[in-house]
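One structure is given below, encoded as structure tokens.
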Amino acid sequence: MFKLLYCIQNEHDLRLVALAGLICVGAALAVVTLLRRARDSGSSERLRWLAAAGSASGFGIWATHFIAMIGYDPGVVVGYGVVPTALSLLIAIAATTAGFALAIGSTGKGRRALAAMIVGLGVAAMHYLGMEAVEMPVHMAWSATYVIISIVFAILPMIPALTLTLDKRSAASGVAAGMLIVSAILLLHFTGMAGITLVPDRFETPQGGLLYSSGLAATVAGAAIAVLGLCFITASNSRRTRAAIDASEREFKILVQGISDCAIYMLSKDGKVASWNAGAARLKGYSREEAIGLELAAFYSAEDCQAGLPARGIETARRNGKFNAEGWRYRKDGSRFWAHVTIEAVHDDQGVFHGFAKITRDMTRMKEDQESLKEATAKLDAALTNMHQGLCMFDGNQRLVLANERAAALLGLEKIPEFVGLEFEHFVWLGVRQRDAQEPSEALYQDALNRHRACIADSAGGAVVVPFADGRTLSIAHRPMPEGGWVTTIDDITDRRQAEQRIEHMALHDALTGLPNRFSYSDRLDIELARAARSNARVAVIGIDLDRFKEINDVHGHAVGDEVLRMLAARMADTLSVGEVVARFGGDEFAGFTTFEDEQQLTDFVSRLEAALSQPIDLDAVTIFPGASLGVAIFPTDGTTREQIVNNADLAMYRAKDTVGRQTCYYEQSMDDIARARRMIANNLREAIGRGELSLAYQVQKDVATEEVSGYEALLRWHHPRDGWISPAEFIPIAEESGEIVRIGEWVLRHACAEAARWPKPWRIAVNLSPVQLMHVDLIQAVTSALLESGLPASRLELEITETAFIADKVRALHVLRQIKALGVSIAIDDFGTGYSSLDTLNSFPFDKIKIDKSFLLESETSHQARAIIRAVLALGRSLEVPVLAEGLESEEQLRLLRSEGCDEAQGYLWGRPVRLPLPDDKPGQESEAA
Numbered sequence: 005m006f007k008l009l010y011c012i013q014n015e016h017d018l019r020l021v022a023l024a025g026l027i028c029v030g031a032a033l034a035v036v037t038l039l040r041r042a043r044d045s046g047s048s049e050r051l052r053w054l055a056a057a058g059s060a061s062g063f064g065i066w067a068t069h070f071i072a073m074i075g076y077d078p079g080v081v082v083g084y085g086v087v088p089t090a091l092s093l094l095i096a097i098a099a100t101t102a103g104f105a106l107a108i109g110s111t112g113k114g115r116r117a118l119a120a121m122i123v124g125l126g127v128a129a130m131h132y133l134g135m136e137a138v139e140m141p142v143h144m145a146w147s148a149t150y151v152i153i154s155i156v157f158a159i160l161p162m163i164p165a166l167t168l169t170l171d172k173r174s175a176a177s178g179v180a181a182g183m184l185i186v187s188a189i190l191l192l193h194f195t196g197m198a199g200i201t202l203v204p205d206r207f208e209t210p211q212g213g214l215l216y217s218s219g220l221a222a223t224v225a226g227a228a229i230a231v232l233g234l235c236f237i238t239a240s241n242s243r244r245t246r247a248a249i250d251a252s253e254r255e256f257k258i259l260v261q262g263i264s265d266c267a268i269y270m271l272s273k274d275g276k277v278a279s280w281n282a283g284a285a286r287l288k289g290y291s292r293e294e295a296i297g298l299e300l301a302a303f304y305s306a307e308d309c310q311a312g313l314p315a316r317g318i319e320t321a322r323r324n325g326k327f328n329a330e331g332w333r334y335r336k337d338g339s340r341f342w343a344h345v346t347i348e349a350v351h352d353d354q355g356v357f358h359g360f361a362k363i364t365r366d367m368t369r370m371k372e373d374q375e376s377l378k379e380a381t382a383k384l385d386a387a388l389t390n391m392h393q394g395l396c397m398f399d400g401n402q403r404l405v406l407a408n409e410r411a412a413a414l415l416g417l418e419k420i421p422e423f424v425g426l427e428f429e430h431f432v433w434l435g436v437r438q439r440d441a442q443e444p445s446e447a448l449y450q451d452a453l454n455r456h457r458a459c460i461a462d463s464a465g466g467a468v469v470v471p472f473a474d475g476r477t478l479s480i481a482h483r484p485m486p487e488g489g490w491v492t493t494i495d496d497i498t499d500r501r502q503a504e505q506r507i508e509h510m511a512l513h514d515a516l517t518g519l520p521n522r523f524s525y526s527d528r529l530d531i532e533l534a535r536a537a538r539s540n541a542r543v544a545v546i547g548i549d550l551d552r553f554k555e556i557n558d559v560h561g562h563a564v565g566d567e568v569l570r571m572l573a574a575r576m577a578d579t580l581s582v583g584e585v586v587a588r589f590g591g592d593e594f595a596g597f598t599t600f601e602d603e604q605q606l607t608d609f610v611s612r613l614e615a616a617l618s619q620p621i622d623l624d625a626v627t628i629f630p631g632a633s634l635g636v637a638i639f640p641t642d643g644t645t646r647e648q649i650v651n652n653a654d655l656a657m658y659r660a661k662d663t664v665g666r667q668t669c670y671y672e673q674s675m676d677d678i679a680r681a682r683r684m685i686a687n688n689l690r691e692a693i694g695r696g697e698l699s700l701a702y703q704v705q706k707d708v709a710t711e712e713v714s715g716y717e718a719l720l721r722w723h724h725p726r727d728g729w730i731s732p733a734e735f736i737p738i739a740e741e742s743g744e745i746v747r748i749g750e751w752v753l754r755h756a757c758a759e760a761a762r763w764p765k766p767w768r769i770a771v772n773l774s775p776v777q778l779m780h781v782d783l784i785q786a787v788t789s790a791l792l793e794s795g796l797p798a799s800r801l802e803l804e805i806t807e808t809a810f811i812a813d814k815v816r817a818l819h820v821l822r823q824i825k826a827l828g829v830s831i832a833i834d835d836f837g838t839g840y841s842s843l844d845t846l847n848s849f850p851f852d853k854i855k856i857d858k859s860f861l862l863e864s865e866t867s868h869q870a871r872a873i874i875r876a877v878l879a880l881g882r883s884l885e886v887p888v889l890a891e892g893l894e895s896e897e898q899l900r901l902l903r904s905e906g907c908d909e910a911q912g913y914l915w916g917r918p919v920r921l922p923l924p925d926d927k928p929g930q931e932s933e934a935a
């Protein structure tokens, strides 16, 4: 130790020693700075920083050694050999660079110790080789002990120095590391120098020249300081640059970590999570600690993993530099979200691959919106495709921007997409061409275009009905839009138009025959009468009513009756000329009219109608012989209004129907008088009950064998205050036509029951029912009320009906009769033998009595057929066990006939005329004035 201190104090120039120490400190601090820059740099920059650190350290250590050697003054130094000096510098640079590279490449203690050994041995080699470069007339004898100790001093401090330099980041640790390096270098130098013993020797000038110490120390020191200063400046600039980069990276990291809307993280080269931001934690549910090191597949479903999607994405990014995809990704809790994923390969400036940057965005809401939009679009497309209407939209420039396929189909065009962008004018031209099935003329095209433009110009829009040549009818409607343009809808109204035409036809024509109906007939007749009034022309109106049509329905059925109506209508329609009209009003009622100039024209028209209505009709095995009654009235002779003319034609028709052998009758004024009289009777009948003008007369009914009274038939009488007694044959039909018979019949029923209840004996009371009464809904109630109010037993009441009551509605009539019979009231069939289906009527209902029409008994004295019919009816009654009553008994001869044939009862003038009140002694009472 004393030798070392002696060497420093007495054998060295302390000024140069201080300069060497300063250079050594600078070099050490520069090395620490450069090594830390190399540590923090990437692989490409690290080599440059290692080279700078090795050069700075080697040159600084060499300069420290060289200046210290120059400061060594044993008194005999001549100079320094060039080659050994230069070689020692290279050794210092190479050894420190190699040692530093080994230390940075590993954190293991063994490798760090090896690196320190390489640096220490390199520095020792530099020192002792540099000592060999000293040229002086002495020989250097080295102490092995000092040499070994100096080498140990060079290695040991280097171990903690490298550790502090590479593992720490503080300035204090950097200074400490620098001081350890300085101590290693200085201890090496001065310990080695203390082990030298100079032995005088012969001096020989070495080959290669000498470096002399005069001024050399200042030069080397200046160069060393300059190099070290440059290193410090470079390191300092690099540090500031790195600090800026670090700050930028920190800011970027803060930014990345602070983003919570999407997951941003790094993947290692093998696809494992290497970093994790807040957005990733929020989106995927993993904390940073849980996520780091996870395989990318952890975020995929099992199916996607089996399909190799994670590996495929990584490989695509590795190969192409970038991978984009969308799909379902899964969170820690198993829930899923729709993600947009970007994986991008990360390379440094040198192109070295470092891993992958991955960005994941939660697109669930957007996907839902897209799905909703897609679904809405699909629904809209489906709606447009399946609309029964065609739909087109035109923009403000009058160009087609949207249309469905239905529009193309309705307009007979090709696929609509080919027409998108088409101008409206051309669109209309195509439509007109399809409408007419040919190239349209300019006039037709302009007319169609103007009609469509008029609809578009109207703020409320409008529609154009377009009939096509192929029979279709389209309704094309336009509705303007507030923002400009308009919407056009196209509707196929062919069926509706045809239905409307059918409805219109049905409204104006008879459904069965196809002839005009009453409404259409009246409308046409009004027009024709107005025209005739202006031109002083004449119009003949014909009322037509078929003869015996009810008989056709009853005998052959309604189907045959309908066919007869159709054929007669067709015959009449075939005979019509211009200006002639035939219509059906309903049932068997027809009408016609024609404008004529001379009588021959009218006669010809009527003759054609008569021929059409009278010719036989062959229907399968049935031949029908139709007929009709025609009444003719002429405008303006027989009336000046439609109502008058039609009414007078009907009066003439009824006259023709009532006149045997006459098919056509022309109106006469007397017909109107008769009709007026009938109307007067109908009006007076309405007041007859209230004025007490009606009364009842009773005709006795007796047992034929014993001539004992069995009952009375109530007969209605009317005494008019002005016209006197009016025959029932005259006013009863009118009452039935007007409907007044219902009220009158109820009056008769109540009064007859009340009178019979007061009779001294329980004789039966017979009351006639009109067919109109039988069809009335209140008949059952009327019968019940009459019996209850009068107290008459139901067994004493007998209601008489004629066979004509069954013609209108046989089922309904039988149903009503069954209800009446259930009350205990007897039902008799009156005027038997004069109807159309007597036997069928008897078979349909269990009548309590059969009344033979008086016409047979009146003719029995002169007609063999009448007597035969009476016998047949009586035999029928006995077979059915139904009593038979004969009407019209007027002679003893007729009475003997009835007794001989076994008739049960009879009534007639022989036994008494109708009387006001029956007498208890069976003698004739006061006769009715109308008897």
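Heads up: take any position in the sequence shown, counting from 1, add 4, and you land on the working numbering.
Quick reminder that beta carbons are idealized off the backbone N, C-alpha and C, glycines included.
- In the three-state reduction of the DSSP assignment, residue 430 falls in the helix class, which pools H, G and I.
- For residue 19, the number of other beta carbons within 10 angstroms of its own is below 16, and it is reported as exposed.
- When the beta-carbon positions are compared, residue 517 and residue 497 stay at least 7 Å from each other.
- With contact defined as three or more Cβ pairs closer than 8 Å, the stretch 488-508 and the stretch 397-406 are in contact.
- With a cut-off of 8 Å on Cβ pairs, the stretch 52-67 is in contact with the stretch 33-40, counting three or more such pairs.
- CA-to-CA, the gap between residue 460 and residue 415 works out to about 19 Å.
- Secondary structure in the stretch 501-557: the beta strand (DSSP E) runs of 3 residues or longer, each lying completely within the stretch, are 542-550 in chain order.
- Counting every other CB atom within 10 Å of its CB across the protein chains shown gives residue 703 a total of 16 or more, marking it as buried.
- Pairing residue 698 with residue 692 gives a Cβ-Cβ distance under 7 Å.
- The stretch 576-588 and the stretch 552-566 do not touch, with fewer than 3 CB-CB distances between them shorter than 8 Å.
- At a cut-off of 4 residues, the continuous stretches assigned as alpha helix (DSSP H) that sit fully inside the stretch 780-824 are 783-794.
- Here residue 441 is exposed. Its C-beta has fewer than 16 other C-beta atoms within 10 Å.
- By the CB criterion at 7 Å, residue 719 and residue 922 fall outside the cutoff.
- Excluding its 5 nearest sequence neighbours in each direction, residue 768 has C-beta neighbours in its own chain below 7 Å: 714, 715, 800 and 802, listed in chain order.
- Rounded to the nearest angstrom, the gap between the Cα atoms of residue 808 and residue 818 is 13 Å.
- Ranking 827, 773 and 843 by CA distance to the CA of residue 798 puts 827 first.
- Under the Cβ criterion (8 Å, minimum of three pairs), the stretch 141-156 counts as touching the stretch 185-196.
- For residue 723, the three-state secondary structure derived from DSSP is strand.
- Around the beta carbon of residue 592, 16 or more other beta carbons sit within 10 angstroms, so the residue counts as buried.
- Residue 575 sits buried, since 16 or more C-beta atoms from the chains shown fall within 10 Å of its C-beta.
- When 610, 417 and 645 are compared, the shortest CA-CA separation from residue 527 is found for 645.
- Linking residue 345 to residue 165 through their CA atoms gives a straight-line distance of about 48 Å.
- Following the DSSP letters along the chain, one finds residue 174 in no alpha helix (DSSP H), marked with neither H nor E.
- With a 10 Å radius around the Cβ and a threshold of 16 neighbouring Cβ atoms, residue 864 comes out buried.
- Look at residue 564 here: in three-state DSSP terms it is helix.
- Around residue 754, the same chain offers 790 as residues with beta carbons nearer than 6 Å, after the five sequence neighbours per side are excluded.
- Inclusion of residue 66 and residue 144 in the CB contact set at 7 Å is not warranted, their separation being larger than that value.
- The three-state reading of DSSP puts residue 408 in coil, since its state is none of H, G, I, E or B.
- Inclusion of residue 707 and residue 547 in the CB contact set at 7 Å is not warranted, their separation being larger than that value.
- Taking all protein chains shown into account, residue 820 has 16 or more neighbouring C-beta atoms within 10 Å of its C-beta and is therefore buried.
- Under the DSSP assignment, residue 346 falls in the beta strand (DSSP E) whose first and last residues are 340-351.
- Pairing residue 901 with residue 855 gives a Cβ-Cβ distance that is not under 7 Å.
- Residue state for residue 497 is assigned as coil, using DSSP reduced to three classes.
- A distance below 6 Å between beta-carbons, with the five flanking residues on each side excluded, links residue 587 to the following residues of its chain, in chain order: 519, 520, 525 and 595.
- Taken through DSSP and simplified to helix, strand or coil, residue 695 comes out as coil.
- Rounded to whole angstroms, the separation of the alpha carbons of residue 485 and residue 330 is 40 Å.
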